[in-house]
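Numbering-wise, the UniProt record's numbering puts 255 at position 255 of the sequence shown, and it's gapless, one number per residue.
We put the beta carbon where it would ideally sit given N, CA and C, even for glycine.
Note that the coordinates shown come from a computational prediction; the quantities given were computed from them, not determined experimentally.
Structure first, commentary second.
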Amino acid sequence: MSTIEKDRSTIIKTVRKTFPVLEMTCAACAVSVESMLKSAAGVSDAGVNFANQNAWVQYDPAIATPATLQQTVRSIGYDLVIDEANSQQIQEAAQLDHYNELKQRTIWASVLSLPVVIIGMFFMNMPYGNYISMALTLPVIGWFGRSFFINAFKQARHGKANMDTLVALSTGIAFLFSAFNTLAPGFWHARGVHPHVYYEAASVIIAFISLGKLLEERAKHNTSSAIKKLMGLQPKTVRVLVGGKEQELPVANVLPGHNILVRPGEKIPVDGVVTSGSSFVDESMITGEPLPVQKEKDSKVFAGTVNQKGSFQFTAQKVGNDTMLAHIIKMVQEAQGSKAPVQKLVDKIAGIFVPVVIGIAVLTFIVWMIAGGDNAFTHALLTSVTVLVIACPCALGLATPTAIMVGIGKGAENNILIKDAESLELAYKVDAVILDKTGTITEGKPVVAQMNWLTGKENDPALQQILYSLEVQSEHPLAEAVLHALKQQGGQAGAVNNFESITARGVTGMVGLNRYYVGNKQLIDEYRINVNETLLQQAALLQQRANTVIYFADAQQVLAIIAIADKIKATSANAIQQLQARGIEVYMLTGDNEQTAAAIAAEAGIRNFSAGMVPADKAAFVKKLQAQNRVVAMVGDGINDSQALAQADVSIAMGRGSDIAMDVATMTLITSDLQSIPKALLLSRKTVRTIRQNLFWAFIYNLIGIPLAAGVLYAFNGFLLNPMIAGAAMALSSVSVVTNSLRLKTTKI
């Protein structure tokens, strides 16, 4: 919220709340809900996001209430969930019910439409064919397609129109006109005109448009799952120590000051400070870094992070909505909700196209009634119906979704899963790509990059066994990498006596009569162990290259140094080079230290990078680029990237990353190969080009067809377009659009 908004809300004492919206089926629906909310008494501002099905409203509680806002939205056929305690469950249940109902309607509309099409195209003169078609079409129009008519009526009550309006008008009039011709064919025979019927046009339009809505609904079905999974990171119950005794409480009842016990493998429930014990905690959801962080007395811990092997107690400091996890959830919600509703081009045009078509149909009827001569009414009715039939939104409605469907399929063939059609339409405009480091540019898993032994000790299997034996007992996360490397060389564990874990330093133990050490440089310095000059120089060089160095020593000297690194993926540098060659600026953001970030950036060929970034910093960086009118793609793999992913114009998750990142992101790279990013951007360009071609042909068809249907050539050569030909032309336009979209299947990316 801006400073001005804050000042205004303070002066007039407004509150701002977010409510789930039900029954929205297109971007035009979001516009209708937003305009109604803005016009409601007591509302100073409002916004509706079609993507996440939410509305935020800033209102004066002295004038407006959630109940009155709900009534306002209900008046145009939608609904607002005002039960704050269960809003998410209510929204999810309603979306699932709507999807299942839409699925049933689509299936039955298609089943009933098929014989109608067969009769209309191949057996139009069969006995009672028109009556059979009417009987089959009636439930399609009156029941399975009733939502189009109900929504159109509710929109009309408020002087609004959308695609439902055009569908209802064209199918309704086509059906009524056909029913009249079926029941009273003599009316037209007496005037020398054959009574055509258009049942197949009416039923197929309902089936096609329903199918399109079903596919769209399926794509949106899991939009809230990212927030749900983030909320699931917090445990439901927690063990609180009261008077030395354990009590299990719901996490909602935890208060600041409570002393909480955390055991191995458990999630930390709230933010706090460690009071006793020690362990390593996986904080990758916050930092994105693969190495767990050591926690000891006075260390801070955060809700949702995962304890490793040790156990400890901590004092709760921030609970409920004050925890860092709660802030991440809130920021993701705000980032999703802050985006203006993306207006589908077709829905935008429908706002103008629908009333224009209706106006042309009415004008056509009036003109023919005035200038039509002896057959004025006949010509007036036929031409006005023909205008509405030929202006059917099929070609217009199929132009975007068919190209999107083929484009998404093409992406899947190339290991690019596209969840949000909006991102496919927008990706070709991207001019800035932000990459997370760990797991995105790098493998995301620490491995032994190098093991340098003191001269003369290289081939001593006894020393390797001692190192392996010490690391087996170590709880340090890096020990796993060392064990994996030694195991490949046949390492086996032996007996270790007097084993000791030295906090923040390493481990030590007796093997036979000798003491050995494994740990960092501080451990070596503390015990005044000699380091060979050559090994010392090698260690410094390895650290400059973003390696973590572990020392293995006996009581007198360092025997080996072990370099552990998160290796850069083999294809990362090439992918980054491809992006930069296209004029796209590439940035790397990481929670790691400056030295490591600089080394990885240099190896990957990235000029712009920032280190020490927390989740909010990454999201702020995205906003900063967007403020410079850049179209930003964010690529990440961790929970810590979710805020930035939600904020970005195009969000891309790595397939081996966290579920949260994949849920927030609109694209997922199955192979976690960055070379898929240039492919995705190229696919977007080709898909958008196909959409534009489709829309061009759909509009050309309408620009030529509607005047012909209105009878503009009648005065010159007596030509009057037959409604049957109009129906065929409508079908042909749809076929041409679908065929053009299918060409995407053969394109190379």
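Return yes when the Cβ of residue j is within less than 7 Å of the Cβ of residue i, no when it is not.
i: Asp637; j: Thr442; result: no
i: Ser384; j: Thr364; result: yes
i: Asn14; j: Tyr59; result: Rather than Asn, the amino acid found at residue 14 in this sequence is Thr. Contact flag set, yes.
i: Gly711; j: Leu720; result: yes
i: Leu518; j: Ile466; result: It should be pointed out that residue 518 corresponds to Val in this sequence rather than to Leu. Taking 7 Å as the Cβ cut-off, Val518 and Ile466 do not qualify as a contacting pair.
i: Pro66; j: Ile82; result: yes
i: Phe175; j: Ala135; result: no
i: Leu669; j: Ile749; result: no
Quick check on the DSSP output: the beta strand (DSSP E) that includes residue i runs from which residue to which?
i: Trp697; result: Taken as a continuous stretch (DSSP letters only), Trp697 belongs to no beta strand (DSSP E), being part of the alpha helix (DSSP H) at 676-710.
i: Glu585; result: 585-589
i: Ile260; result: 259-262
i: Met510; result: 506-511
i: Asp431; result: Here Asp431 belongs to no beta strand (DSSP E), and DSSP marks it neither H nor E.
i: residue 750; result: Outside the shown range of the chain (1 to 749) lies residue 750, about which nothing can therefore be said.
i: Thr18; result: 15-22
i: Ala295; result: Looking at the sequence itself, residue 295 is Lys, so the reference to Ala does not match. Lys295 -> beta strand (DSSP E) spans 293-295.
i: Asn49; result: 43-49
i: Leu417; result: 416-418
Quick one: what's residue i bridged to in DSSP?
i: Ile564; result: Val448, Thr548
i: Met654; result: Leu669
i: Ala648; result: Ala648 is not bridged to any residue.
i: Glu500; result: Thr508
i: Lys300; result: Val273
i: Phe609; result: Met588
i: Ala633; result: Val433, Val650
i: Arg239; result: Glu248, Leu261
i: Ser311; result: Ser278
i: Tyr516; result: Gly509, Asp554
With 16 other CB atoms within 10 Å as the buried threshold, where does residue i fall?
i: Leu732; result: exposed
i: Asn640; result: buried
i: His189; result: exposed
i: Tyr199; result: buried
i: Thr386; result: buried
i: Thr237; result: exposed
i: Trp143; result: exposed
i: Glu248; result: exposed
i: Ser2; result: Residue placement at Ser2 is poorly supported in this model, since its pLDDT is 45, which falls under 50; the coordinates still yield a value, given next. Exposed, because fewer than 16 other Cβ atoms sit within 10 Å of the Cβ of Ser2.
i: Asn49; result: buried
i: Gln488; result: exposed
i: Pro250; result: exposed
i: Lys267; result: buried
How many angstroms separate the CA atom of residue i from the CA atom of residue j?
i: Gly583; j: Val632; result: 13 Å
i: Gly120; j: Val362; result: 28 Å
i: Lys154; j: Ile352; result: 18 Å
i: Ser572; j: Gln89; result: 41 Å
i: Val254; j: Gly265; result: 20 Å
i: Val31; j: Lys160; result: 10 Å
i: Arg515; j: Ala611; result: 39 Å
i: Phe123; j: Ser133; result: 11 Å
i: Gly411; j: Ala421; result: 12 Å
i: Ala599; j: Arg545; result: 5 Å
i: Tyr78; j: Ala94; result: 12 Å
i: Phe312; j: Met588; result: 35 Å
i: Gly192; j: Thr182; result: 16 Å
i: Ile524; j: Ala680; result: 50 Å
i: Trp108; j: Ile205; result: 13 Å
i: Leu513; j: Glu500; result: 16 Å
i: Glu283; j: Val306; result: 7 Å
i: Glu425; j: His379; result: 43 Å
i: Ser741; j: Leu214; result: 19 Å
i: Ser469; j: Leu483; result: 9 Å
i: Val447; j: Leu454; result: 21 Å
In terms of residue numbering, what span does the alpha helix (DSSP H) encompassing residue i cover?
i: Leu454; result: Run containing Leu454: none; DSSP gives neither H nor E here.
i: Thr668; result: Unbroken run through Thr668 is the beta strand (DSSP E), 667-669; no alpha helix (DSSP H).
i: Tyr78; result: That residue, Tyr78, is in no alpha helix (DSSP H); it is neither H nor E in DSSP.
i: Gly129; result: 129-139
i: Asp617; result: 615-627
i: Leu523; result: 521-526
i: Pro461; result: 461-473
i: Asn375; result: Unbroken run through Asn375: none, as it is neither H nor E.
i: Ser576; result: Residue identity differs from the one stated: residue 576 is Ile in this sequence, not Ser. Start and end: 572-581.
Cβ of residue i versus every heavy atom of the ligand SAH: is any distance shorter than 6 Å?
i: Lys38; result: In the structure shown, the ligand SAH is absent, as is every other ligand, since no ligand is present at all.
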